[in-house]
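Line by line, the protein sequences give chains Y and B. Residues in the first sequence are numbered from 805 upward in steps of one, following the working numbering. Residues in the second sequence are numbered from 82 upward in steps of one, following the working numbering. Yeah, the Cβ is synthetic: ideal placement off N, Cα and C, and Gly gets one too. Have a look at the structure below, then the notes.
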Amino acid sequence: MSFLSHLINGISLGSIYAIIALGYTMVYGIAKMLNFAHGDVIMVGAYVCFFALNAFGLPPVVSILLAMLVCTVLGIIIERLAYKPLRAAPSLAVLITAIGVSYFLQNGALILWSASPKVFPTIFEGTIRLFDGQLTIGLTTLITIAACIVIMVGLTLFTGKTKMGKAMRACSEDKDAAILMGINVNRTISVTFAIGSGLAAIAGVLLCSAYPLLQPTTGSMPGIKAFTAAVFGGIGSIPGAFLGGILLGIIEIFAKAYISTELSDAIVFLVLILVLLIKPAGLLGKKTVVKV
Amino acid sequence: MKKIIAVVCAILMLSVSVVACTASNKPAASDQTATVIKIGATGPLTGGAAIYGQACANAAQIAVDEINALGGLQFELRYEDDAHDPEKAVNAYAALKDWGAQVTLGSVTTKPALATSQLNFEDNLFAITPSASAVDVVKGKSNVFQMCFTDPNQGTASADYIASKELGTKVAIIYNNGDAYSTGIYQTFVDEAAGKNFEIVSTTTFTDETATDFSAQIADAKDNGADLVFLPIYYQPASLILKQCKDVGYAPKFFGVDGMDGILTMEGFDPTLAEGVMLLTPFNADASDEKTVNFVKKYQEKFGEIPNQFAADAYDCVYAIYQACQNGNVTADMTAEQINEVLKVQFTSMTFNGLTGENMTWDVEGMVSKEPKGMVIQNGGYVGME
């Protein structure tokens, strides 16, 4: 029974990683850049939702939509100001800029909302109890998993079927060829960021619903873990992010429960290293053959 | 939390330094030489840790005003801003020396106090810090004293308290093994618990990086049948632990230390989660003794808020200095070195009754010995456990 309960805990933690990882992998898959500020956009989304709920008393659905709107706009602004001018620059420059944006957002949040932690209100109240209450599954977990699957299917359909989606895939394959085909690469990448940031808002609300402590650094560590999950599952692959996130959560909880709480992170990253040694592209990553 | 404070300080540094410059250029207020004893102190009056520095400065001023109103020995208090930064604290200390400080209240927070206490020692300028709790602040410095418990002391006191009040038989501990404060308390708690009437059945850890999901730690405590969970940690992770315990229907007793203080003032926190949480803190603003009631009333009138533990410690510091000065016949025309010698002898021999404890004494290292008070959270407020 305790095995099952650890498994459920692992899945609920993993579902949070998965939903953040989807944003990472989406931006990486198309724009070919690691947006390290993703975790901090999540934090901004959570703060917007917090104030919409607490200070303005808006209903949860409106608050979440507002958070998505703010994050989408924020994502577009960040992309326009920080990443667009570096479109032709080496990828290392973009990476460092992303880290800079991450710190900018964290410190901006410190000034705006101060370091004192806030407790996120409960949006999804309720737990499901099984086996005479020995097993409990939070409603937040079920909603997070459902949201993950909806987003995953939605993104797959979007990139597969729509015109914009096809343009995104074209940019991802070969930017220069895409330009020759009459695709507006700059606009396509901006749209990618907008979608990724909108997803970040949802992730932020779900993260803080599951773990209701909100402070300016809230997004940074889950962001890094989710990035690990994305690499684990094969970065760029949308189902891979989901799988990687869930597995990472389960491994982390099992390591804590059965081996040692002190070593849990070391074990998580050891597994990551092993996976990457055996499958360098990640679990579901595409093998790329570079022609010389 | 320290990281956050550091970041805030870094951001505020520029603006603060401008303010600090103008503030410290003020001419020394006292022209009437040698009629008052000058008490200097440094603390974070601005920046992320300002809540602590301001509490100390406010409370110390109340104590000084009260003492001056009695006639007899007269004090003058001066707080310099150190923004919780060791370098600024050294500058603030220098400003206090220029002003002619004869006694000091050290520094409010630990990092600056590590820097200034060394100078206090070298300059033979007496210091008693209200709240800098690291052992290294006082260690090897014969003229630096503490009003607060040292970090490891809390572990010993907690174990003794749990044992003597028979609060639990099976104890689980969840602590932050990436944090010196938490690890220090944990270590001494375990040492003291040996041979006591309770058993430690579960010990689990987390770090700042893994401080989101505690399900495995909680499951371990629950599966081992712990009826009391000891949390020698700060209130932010503690709030998550309380929430997650409630979600899985686990309701042991919870026992915290002074890092737990602050949980009730978190914006949006549901106080019912903390109902029944016990903690050891030296000061209880709800206590009904005359001294506390009087202090809390004055503080509220002047500053519009309930004083915290830091405020009470600073208030006690001033009164302890007052008592030592009276016993040792200190007069205002004595030099800092002369007062230093007298106070050193007095502090290691006297017994002091204050807001934060009865019958306090100090050892030669400068560490205080006092009874911690057990508090329990009821209806969103602290209530004494006795």
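Reduced DSSP secondary structure (H/G/I, E/B, other) of residue i
i, result
"residue 470 (chain B)", "Given a span of 82 to 467 for chain B in the structure shown, any question on residue 470 (chain B) remains unanswerable."
"residue 314 (chain B)", "coil"
"residue 924 (chain Y)", "coil"
"residue 295 (chain B)", "coil"
"residue 309 (chain B)", "strand"
"residue 466 (chain B)", "coil"
"residue 809 (chain Y)", "helix"
"residue 891 (chain Y)", "coil"
"residue 1023 (chain Y)", "coil"
"residue 415 (chain B)", "coil"
"residue 877 (chain Y)", "helix"
"residue 1085 (chain Y)", "coil"
"residue 448 (chain B)", "coil"
"residue 424 (chain B)", "helix"
"residue 456 (chain B)", "strand"
"residue 440 (chain B)", "strand"
"residue 104 (chain B)", "Residue confidence for residue 104 (chain B) is low, a pLDDT of 42 falling below 50, so the modelled location carries little weight; the figure read from the coordinates is stated next. In this structure, residue 104 (chain B) counts as helix in the three-state DSSP scheme."
"residue 943 (chain Y)", "helix"
"residue 904 (chain Y)", "helix"
"residue 287 (chain B)", "strand"
"residue 1029 (chain Y)", "helix"
"residue 1090 (chain Y)", "coil"
"residue 126 (chain B)", "coil"
"residue 911 (chain Y)", "helix"
"residue 1036 (chain Y)", "helix"
"residue 929 (chain Y)", "coil"
"residue 117 (chain B)", "coil"
"residue 265 (chain B)", "helix"
"residue 112 (chain B)", "Residue placement at residue 112 (chain B) is flagged as unreliable, the pLDDT there being 42, under the threshold of 50; a coordinate-derived value is accordingly withheld."
"residue 435 (chain B)", "strand"
Whole-number beta carbon distance between residue j and residue i, since they are thought to touch under 8 Å
i, j, result
"residue 258 (chain B)", "residue 1066 (chain Y)", "6 Å"
"residue 1107 (chain Y)", "residue 814 (chain Y)", "Residue coverage of chain Y in this structure runs from 805 to 1096, which leaves residue 1107 (chain Y) outside it and unanswerable."
"residue 1036 (chain Y)", "residue 1087 (chain Y)", "7 Å"
"residue 206 (chain B)", "residue 185 (chain B)", "6 Å"
"residue 194 (chain B)", "residue 175 (chain B)", "With a Cβ gap of about 16 Å, residue 194 (chain B) and residue 175 (chain B) do not count as contacting."
"residue 170 (chain B)", "residue 196 (chain B)", "5 Å"
"residue 850 (chain Y)", "residue 1018 (chain Y)", "6 Å"
"residue 1026 (chain Y)", "residue 293 (chain B)", "7 Å"
"residue 923 (chain Y)", "residue 348 (chain B)", "7 Å"
"residue 296 (chain B)", "residue 317 (chain B)", "17 Å between Cβ atoms; not a contact."
Check: residue i C-beta below 7 Å from any heavy atom of the ligand HEM
i, result
"residue 433 (chain B)", "No copy of the ligand HEM occurs in the structure displayed, which carries no ligand at all."
Discussion item. Extract the residue ranges of the alpha helix (DSSP H) inside the region 815-866 of chain Y, only unbroken runs of 4 or more that lie entirely within it.
Written reply: 842-858
Worksheet entry | Cβ contact (3+ pairs, closer than 8 Å) linking the region 377-388 of chain B and the region 402-416 of chain B | no
Item to complete: Using a Cβ-Cβ cut-off of less than 9 Å, give me the residues of the region 266-289 of chain B that come near chain Y, in sequence order.
Response: 284, 285, 286, 287, 288, 289
Practice prompt. List in chain order: all unbroken beta strand (DSSP E) runs of 3+ residues lying wholly within the region 320-399 of chain B.
Written response: 334-337, 359-362
Fill in: Continuous alpha helix (DSSP H) assignments of at least 4 residues falling wholly in the region 196-259 of chain B
216-219, 232-245
Practice prompt. With 7 Å as the C-beta to C-beta threshold (strictly closer), list the residues of the region 419-444 of chain B near chain Y in chain order.
Written response: none
Practice prompt. Determine which residues of the region 909-938 of chain Y have a Cβ less than 9 Å from any Cβ of chain B, and write them out in chain order.
Written response: 910, 911, 914, 915, 918, 919, 920, 921, 922, 923, 924, 925, 926, 931, 933, 937
Worksheet entry | Residues within the region 155-177 of chain B neighbouring chain Y, beta-carbon criterion of under 9 Å | none
Item to complete: Run through the region 946-989 of chain Y for me and flag every whole alpha helix (DSSP H) of 4 or more residues, listed as ranges in chain order.
Response: 967-977, 979-984
Worksheet item: Closer than 7 Å, Cβ to any Cβ of chain B: which residues of the region 988-999 of chain Y, in chain order?
Response: none
Worksheet entry | Runs of beta strand (DSSP E) wholly within the region 1038-1080 of chain Y (minimum 3 residues, chain order) | none
Discussion item. Which residues of the region 1049-1065 of chain Y have a Cβ closer than 7 Å to any Cβ of chain B? Give them in chain order.
Written reply: 1057, 1060, 1061, 1065
Item to complete: Could you tell me whether the region 1032-1048 of chain Y touches the region 951-964 of chain Y, using the rule of 3 or more Cβ pairs below 8 Å?
Response: yes
Discussion item. To be precise: take each residue of the region 997-1021 of chain Y, compare its Cβ to all Cβ atoms of chain B, and keep it if any distance is under 9 Å. Which residues remain?
Written reply: 1011, 1014, 1015, 1016, 1017, 1018, 1019, 1020, 1021
Worksheet entry | Proximal residues, the region 1025-1037 of chain Y versus chain B, C-beta separation under 9 Å | 1025, 1026, 1028, 1029
Discussion item. Is it the case that the region 935-944 of chain Y contacts the region 365-376 of chain B, given that we only count it when at least three CB pairs across the two stretches are under 8 Å?
Written reply: no
Discussion item. Please identify, using Cβ separations under 7 Å, the residues of the region 942-967 of chain Y that lie next to chain B, in order along the chain.
Written reply: 942
Discussion item. Would you call the region 824-831 of chain Y in contact with the region 1055-1063 of chain Y, where contact means no fewer than 3 C-beta pairs closer than 8 Å?
Written reply: no
Worksheet item: At a Cβ cut of 9 Å, what residues of the region 304-332 of chain B count as close to chain Y, listed as they run along the chain?
Response: 304, 316, 317, 318, 320, 321, 324, 325, 328, 329, 330
Worksheet item: Are there three or more Cβ pairs, one per stretch, closer than 8 Å when the region 278-289 of chain B is compared with the region 298-314 of chain B?
Response: yes
Discussion item. Count Cβ pairs between the region 857-872 of chain Y and the region 889-905 of chain Y that sit closer than 8 Å; are there 3 or more?
Written reply: no
Practice prompt. Pair every Cβ in the region 425-439 of chain B with every Cβ in the region 449-456 of chain B, then say whether three or more of these pairs are closer than 8 Å.
Written response: yes
Worksheet item: What alpha helix (DSSP H) runs, 4 residues minimum, are completely inside the region 131-206 of chain B?
Response: 131-150, 167-180, 191-204
Fill in: contact_flag[the region 248-267 of chain B, the region 222-229 of chain B] where n(CB pairs < 8 Å) is 3 or more
no
Discussion item. When you compare the region 980-994 of chain Y with the region 958-972 of chain Y, are there three or more beta-carbon pairs, one atom per stretch, that lie closer than 8 Å?
Written reply: yes
Fill in: chain B contacts from the region 816-829 of chain Y (Cβ-Cβ distance under 9 Å)
816, 817, 820
Fill in: Residues, ordered as in the chain, of the region 851-864 of chain Y that lie near chain B by beta-carbon distance below 7 Å
858
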